[in-house]
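Residue 169 is where the sequence shown ends in this note's numbering, and the numbering goes up by one at each step.
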Amino acid sequence: MSSEKMKILEMIQEGKLTAAEGMDLLKAIEEGGSPEKVSSISEFDLVKKESVSSVAGERFLRVRVVGEKSLKVNVNVPLSLIRSASKLVVYAMSFVPADKRAELEQKGLDLQALDVEELVRLVEETVDGKIVDVEVADPQEGRIKVEVCVE
């Protein structure tokens, strides 16, 4: 087994890469990615993981969109930031004009009944792992995978 593959497996075992990220890197090696390119990808992931996880015990809402050819979106939002923003959202909803609120209510969305803080609390306390895992086939981009998870 090549040293690049071993390095990827070690990073998965140490929790520095998820299994899905490791599979993507292993696939890149098998598809002819140069060792230097794969090595730089794995080093980037290692640095990214360490910096994102630098806050002890912090959990993140992660959103990833991966195409066959490249990583399209990689967003990592600390749950503590979402918790703080939820308070702002509650305050901001009071600025929605009454006529627009009534229009939304007619369509089945009652902003007053929406408890953003409770939603954040539920995510923090009960969700661990994948929330959304979708794969679609795009005629131009090929296979695209969307993942939303809490880690």
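Just so it is clear, CB atoms sit at the ideal spot from N, CA and C, and this is done for glycine as well.
Do you know how far the Cα of residue j is from the Cα of residue i?
{"i": "residue 47", "j": "residue 146", "result": "30 Å"}
{"i": "residue 29", "j": "residue 167", "result": "20 Å"}
{"i": "residue 105", "j": "residue 99", "result": "10 Å"}
{"i": "residue 169", "j": "residue 97", "result": "10 Å"}
{"i": "residue 40", "j": "residue 21", "result": "14 Å"}
{"i": "residue 116", "j": "residue 140", "result": "29 Å"}
{"i": "residue 153", "j": "residue 162", "result": "6 Å"}
{"i": "residue 31", "j": "residue 148", "result": "19 Å"}
Between the beta-carbon of residue i and the beta-carbon of residue j, is there less than 9 Å?
{"i": "residue 81", "j": "residue 164", "result": "yes"}
{"i": "residue 160", "j": "residue 45", "result": "no"}
{"i": "residue 85", "j": "residue 151", "result": "no"}
{"i": "residue 134", "j": "residue 108", "result": "yes"}
{"i": "residue 142", "j": "residue 77", "result": "yes"}
Using the Cβ count rule (16 or more neighbours within 10 Å means buried), how would you classify residue i?
{"i": "residue 7", "result": "Residue 7 is absent from the structure shown; the chain starts at 19 and stops at 169."}
{"i": "residue 34", "result": "buried"}
{"i": "residue 79", "result": "buried"}
{"i": "residue 43", "result": "buried"}
Residue i and residue j look like a contact to me (Cβ under 8 Å); what is the Cβ gap, rounded to whole Å?
{"i": "residue 8", "j": "residue 119", "result": "Lying outside 19 to 169, the shown extent of the chain, residue 8 is not represented and no answer is given."}
{"i": "residue 91", "j": "residue 83", "result": "4 Å"}
Could you check whether the Cβ of residue i sits closer than 8 Å to any heavy atom belonging to the ligand FAD?
{"i": "residue 26", "result": "No copy of the ligand FAD appears in this structure; indeed no ligand is present at all."}
> Considering only residues of the stretch 69-116, which uninterrupted beta strand (DSSP E) runs meet the minimum length of 3 residues and lie entirely inside it, listed in chain order?
Replying inline: You should have 78-85, 89-96.
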